[in-house]
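Numbering (the numbering used here), first residue to last: 1 to 141.
Don't be surprised by glycine CBs; every beta carbon is placed ideally from N, CA and C.
Scroll down for the structure; my scribbles are underneath it.
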């Protein structure tokens, strides 16, 4: 189980929801009352974490919506090979093969640290059994 239900009315800007089984970050949302007997509606602007597609779901404010469970972890970079890198989780000491960062700034910082011969640490998220690198920093001993 990698998601949990919550009320659509409790969603805030910056939180994460599932739209068509894709984890998305809420960029903007607005509430509107349809009429005298209608239910309030929530219109959201969201962007996919993995596919970067913008979506605009509309739903009643009483609707239950799925929120992904995000497992945030830190790992030490061991090797970088092609589009993937091997990392060692800092809590469990398990080695994993995860994709390199998609954001240009994170990728550039990672390459600078490795080129300088230093050790890099990444914060990676496990969302819906997929990995995403969210932060890169130099590891100080």
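>> Within a Cβ cutoff of 8 Å, which residues of the same chain sit near residue 46, ignoring the five residues on either side of it in sequence?
In response: Non-local C-beta neighbours of residue 46 in its own chain, meaning closer than 8 Å and more than five positions away in sequence, comprise 17, 19, 24, 25, 26, 27, 54, 55, 56 and 57, ordered along the chain.
>> Let's test the definition: count the other Cβ atoms within 10 Å of the Cβ of residue 44 and tell me whether it reaches 16, buried, or not, exposed.
In response: buried
>> Need the endpoints of the alpha helix (DSSP H) that residue 110 sits in, please.
In response: Counting along the chain, the alpha helix (DSSP H) containing residue 110 begins and ends at 104-115.
> Which word fits residue 8, buried or exposed, when buried means at least 16 other C-beta atoms lie within 10 angstroms of its C-beta?
Replying inline: buried
> Just checking my contact of residue 2 with residue 129 at CB under 8 Å: how many whole Å lie between their CB atoms?
Replying inline: 6 Å
>> Suppose the cutoff is 7 Å on Cβ atoms and the five residues either side in sequence are ignored; what does the same chain contact list for residue 63 look like?
In response: Contacts found: 8.
>> Taking the alpha-carbon of residue 113 as reference, which of 139, 50 and 99 has the nearest alpha-carbon?
In response: 139
> Under the three-state reduction of DSSP, which class applies to residue 15: helix, strand or coil?
Replying inline: coil
> Taking one C-beta from the region 77-86 and one from the region 105-121 each time, how about it: are there three or more such pairs within less than 8 Å?
Replying inline: yes
>> As a quick exercise: from 48, 31 and 35, pick the residue whose alpha carbon is nearest that of residue 41.
In response: 31
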